[in-house]
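Engineer: I have a structure I would like to understand better, so I am pasting it below and will then ask my questions one at a time.
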Amino acid sequence: MTRISDAAQAPPPNPLEDCTPWPPPPSDPIPFTPDTGLAVRTRLSAFELPDDKVGQLRKAYQLLRDLTNNSPNDPRGWLRQANVHCWYCGGEAGTETGAGPEIHGSWRFLPWHRMYLYFHERILAQLVGDKTFALPFWDWDTAGRDRLPPIYADPGTPDNPNPLFDQNRGATADNRIPPGIVTSDAIGLMLSPTSFEAPGGFGGTSDGPGASPGTLENSPHGPVHIWTGDPSMRSPVPDMGVLATAARDPIFFAHHANVDRFWDVWLNQGGRSNPADSSWALEQFAFYDQNDTPQWVAMSIGDSVDHETSLRYIYNGTPNPASTVTFALAMAQTGGTVDVSPQSRETIKVPVPPELSQPRPAEIAVPGPPPKPVYVLHIQGIQVPPDEQTFLRVFLELEDADARTPITSPNFVGQFAILAMRKPGMGAMPHRAAAHLHNQAFELNDRQVALLRGKQVLSVKLVAVGGRLTKIPYRRAFIAARR
Numbered sequence: 000m001t002r003i004s005d006a007a008q009a010p011p012p013n014p015l016e017d018c019t020p021w022p023p024p025p026s027d028p029i030p031f032t033p034d035t036g037l038a039v040r041t042r043l044s045a046f047e048l049p050d051d052k053v054g055q056l057r058k059a060y061q062l063l064r065d066l067t068n069n070s071p072n073d074p075r076g077w078l079r080q081a082n083v084h085c086w087y088c089g090g091e092a093g094t095e096t097g098a099g100p101e102i103h104g105s106w107r108f109l110p111w112h113r114m115y116l117y118f119h120e121r122i123l124a125q126l127v128g129d130k131t132f133a134l135p136f137w138d139w140d141t142a143g144r145d146r147l148p149p150i151y152a153d154p155g156t157p158d159n160p161n162p163l164f165d166q167n168r169g170a171t172a173d174n175r176i177p178p179g180i181v182t183s184d185a186i187g188l189m190l191s192p193t194s195f196e197a198p199g200g201f202g203g204t205s206d207g208p209g210a211s212p213g214t215l216e217n218s219p220h221g222p223v224h225i226w227t228g229d230p231s232m233r234s235p236v237p238d239m240g241v242l243a244t245a246a247r248d249p250i251f252f253a254h255h256a257n258v259d260r261f262w263d264v265w266l267n268q269g270g271r272s273n274p275a276d277s278s279w280a281l282e283q284f285a286f287y288d289q290n291d292t293p294q295w296v297a298m299s300i301g302d303s304v305d306h307e308t309s310l311r312y313i314y315n316g317t318p319n320p321a322s323t324v325t326f327a328l329a330m331a332q333t334g335g336t337v338d339v340s341p342q343s344r345e346t347i348k349v350p351v352p353p354e355l356s357q358p359r360p361a362e363i364a365v366p367g368p369p370p371k372p373v374y375v376l377h378i379q380g381i382q383v384p385p386d387e388q389t390f391l392r393v394f395l396e397l398e399d400a401d402a403r404t405p406i407t408s409p410n411f412v413g414q415f416a417i418l419a420m421r422k423p424g425m426g427a428m429p430h431r432a433a434a435h436l437h438n439q440a441f442e443l444n445d446r447q448v449a450l451l452r453g454k455q456v457l458s459v460k461l462v463a464v465g466g467r468l469t470k471i472p473y474r475r476a477f478i479a480a481r482r
């Protein structure tokens, strides 16, 4: 049976500076085997958690923090657990330790985080000695819950601090998530694509040079991260506002439990399915498990898809979005830098595909199902420094749009957030290239396609509603047909 090597003699890395897994993972992980004897657990809203469950949750996280203090090299401890996210998402370990691939910005995003939450949940259950333990979810989509759940917002007292509270968190109980992020219209935009992996789809495209995130990762996922770190949404504030440190805040796991829940919600709308590509289902990721002598366990994406049968959990309650509007994003075909400051009137011109630049009879271009083929706007090579963030809204043919323009505007086509990978001063931590490039892709609905018809170019306005950047470089953007 594969176990952590007792022979590792190298000094362990400082978990505050280096997110390399420790102890060094074995080269031969154990394949994941579902625990079919485990009772199916129900994850509840953090706003509805009974008092006894709140007490158990606090106890679990206190024990996790104690494990870091008493056994800093135990991979189940608080900092080592948080650094799992850093290793895959914000930082990159040396190749000799087998650093994992970037799991943001592609179809890996949803299944990887599902696995991460599963192993984290089982570790907490082991610590409190209750196999029925389940993580709560932060249902920011529910009316009145666009704020921190009180069980996370309460700092406690000096003699009895709340282990669910994070001092490196800007949002407080008095703050509310700004309009247009978790409102019913925004949730409807996120749920509207019918494809998981197509460009502009719900779950992100396959990995590669042109990979792009899905609608759920773009928003609300990203903006809620940014807001939790800094309610003004200006600065990339650790912990939640920076990928390398996000999982140091316990609210991270409640936030991502709700993100995971929306994967179910999307599938349950009908006419939707997960990728059929075997390369997606067979890809594996390894994690340390909950055992007192932790084992390095490899789980495939296919193992995680049926979470009730394989991972033994379900969610209580599902949202009922009021809107299912499709959204789109557009930028220039050739690269450059665009001024995204709210006061700017600068726009960029996107060439319209030839087959759409010709006028079409008005009676054909009426509201209804999107025409075939589906037109998708691709934005490639968006460059954001690794210690900066941005949250952009995009409007068509509306050069006077600014941060106050609502997402209910007929000219609004979409929004996306790019989180900081690290905070300033984290130079000792290994990270991906400073010139890390991001891609985006969004479906055009029938209204946006109608705007294209008969035009040679389309005017697009990008408005920064979060972050400090006023100019955003990009390499190219283009409209392409998806058949």
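Those letters in the sequence shown? Residues 0 to 482, by numbering that gives the first Met the number 0. In this text, a Cβ means the ideal position worked out from N, Cα and C, and glycines have one as well.
#1: Consult DSSP for S458 and reduce its assignment to one of helix, strand or coil.
#2: Taking S343 as the reference, give the member of A253, E442, A463 and T227 with the closest Cα.
#3: With a 10 Å radius around its C-beta and 16 neighbouring C-beta atoms as the bar for buried, classify L281 as buried or exposed.
#4: Starting from R87, trace the beta strand (DSSP E) both ways and give me its first and last residue.
#5: What would DSSP say about D184, mapped onto helix, strand or coil?
#6: Relative to the C-alpha of L376, which residue among P14, N438, E387 and P341 is closest?
#7: Which value, in whole angstroms, describes the spacing of the CA atoms of V373 and L443?
#8: Under 8 angstroms, do F284 and M420 count as touching if we go by C-beta distance?
#9: Is P22 closer than 8 angstroms to N69 when the C-beta atoms are compared?
#10: With burial defined as no fewer than 16 other Cβ atoms inside 10 Å of the residue's Cβ, what is the status of K460: buried or exposed?
#11: Judging by CA-CA distance, which residue of F286, T35, N82 and L37 is the nearest neighbour of N13?
#12: So, with DSSP's three-state summary, where would you put L391?
#13: For the 8 angstroms Cβ check, are there 3 or more pairs between the segment 153 to 166 and the segment 121 to 136?
#14: Going straight from the alpha carbon of D302 to that of A449, what length do you get?
#15: V412 lies in the beta strand (DSSP E); which residues open and close that run?
#16: What are the boundary residues of the alpha helix (DSSP H) that includes W226?
#17: What did DSSP end up calling L215 once you bin it into helix, strand or coil?
#18: Would you call the segment 470 to 480 in contact with the segment 376 to 390, where contact means no fewer than 3 C-beta pairs closer than 8 angstroms?
#19: Work out the CA separation of Q55 and Q125 for me, nearest whole Å.
#20: Assign A243 to one of two classes, buried (16 or more other C-beta atoms within 10 Å of its C-beta) or exposed (fewer than that).
#21: Leaving out the 5 sequence neighbours to the left and right, which residues in its chain are closer than 6 angstroms to L397 when beta-carbon positions are compared?
#22: Rounding to the nearest angstrom, what Cα-Cα distance links I478 and L395 in this structure?
#23: Give the straight-line distance between the Cα atoms of D184 and T346, rounded to the nearest whole angstrom.
#24: Under the rule that 16 or more other beta-carbon atoms within 10 Å means buried, what is T227, buried or exposed?
#25: Can you give me the C-alpha to C-alpha distance between S211 and L109, rounded to a whole angstrom?
#26: Apart from the five residues just before and just after S234, which ones in its own chain have a Cβ nearer than 7 angstroms to its Cβ?
#27: How big is the Cα-Cα spacing for H254 and Q455?
#28: Within the chosen definition, does the segment 190 to 202 reach the segment 266 to 273 through at least 3 CB pairs nearer than 8 angstroms?
#29: Can you tell me whether N257 is buried or exposed, with buried defined as 16 or more other CB within 10 angstroms of its CB?
#30: For A400, which residues of its own chain have a beta-carbon under 6 angstroms away from its beta-carbon, when the five flanking residues on both sides are left out?
#31: Thinking C-beta only, is Q388 closer than 8 angstroms to G465?
#32: Exposed or buried, what is E16 when buried is set at 16 or more other beta-carbons lying within 10 Å of its beta-carbon?
#33: Can you have a look at N217 and say buried or exposed, based on whether 16 or more other CB atoms are within 10 angstroms of its CB?
#34: Around the Cβ of T404, are there at least 16 other Cβ atoms within 10 angstroms (buried) or fewer (exposed)?
#35: If you drop the 5 nearest sequence neighbours on each side, which residues of the same chain put their C-beta closer than 8 angstroms to that of M232?
#36: My understanding is that R42 touches P135, with C-beta atoms under 8 angstroms, so please give their C-beta distance in whole angstroms.
Structural biologist: So, from the listed chains and residues:
#1: strand
#2: A463
#3: exposed
#4: Note that residue 87 is Tyr in the sequence shown here, rather than Arg. That residue, Y87, is in no beta strand (DSSP E); it is neither H nor E in DSSP.
#5: helix
#6: N438
#7: Each residue's Cα considered, the two are about 7 angstroms apart.
#8: Not closer than 8 angstroms, so no.
#9: no
#10: buried
#11: Considering only alpha carbons, the answer is N82.
#12: strand
#13: With the rule of 3 Cβ pairs closer than 8 angstroms, the segment 153 to 166 does not count as touching the segment 121 to 136.
#14: 42 angstroms
#15: F411 to I417
#16: G221 to G228
#17: helix
#18: Between the segment 470 to 480 and the segment 376 to 390, the count of Cβ pairs shorter than 8 angstroms is three or higher; the stretches touch.
#19: 12 angstroms
#20: buried
#21: N410 and K460
#22: 14 angstroms
#23: 25 angstroms
#24: buried
#25: 13 angstroms
#26: R467
#27: The alpha-carbon atoms of H254 and Q455 are separated by roughly 43 angstroms.
#28: Remark: three or more beta-carbon pairs, one from each stretch, lie closer than 8 angstroms, so the segment 190 to 202 and the segment 266 to 273 are flagged as touching.
#29: Around the CB of N257, 16 or more other CB atoms lie within 10 Å, so the residue is classed as buried.
#30: F394, K460 and V462
#31: Yes; because the gap between Cβ atoms is below 8 angstroms, this pair is in contact.
#32: exposed
#33: buried
#34: Buried, because 16 or more other Cβ atoms sit within 10 Å of the Cβ of T404.
#35: P177, P222, I225, W226, F390, V464, G465 and G466
#36: 6 angstroms
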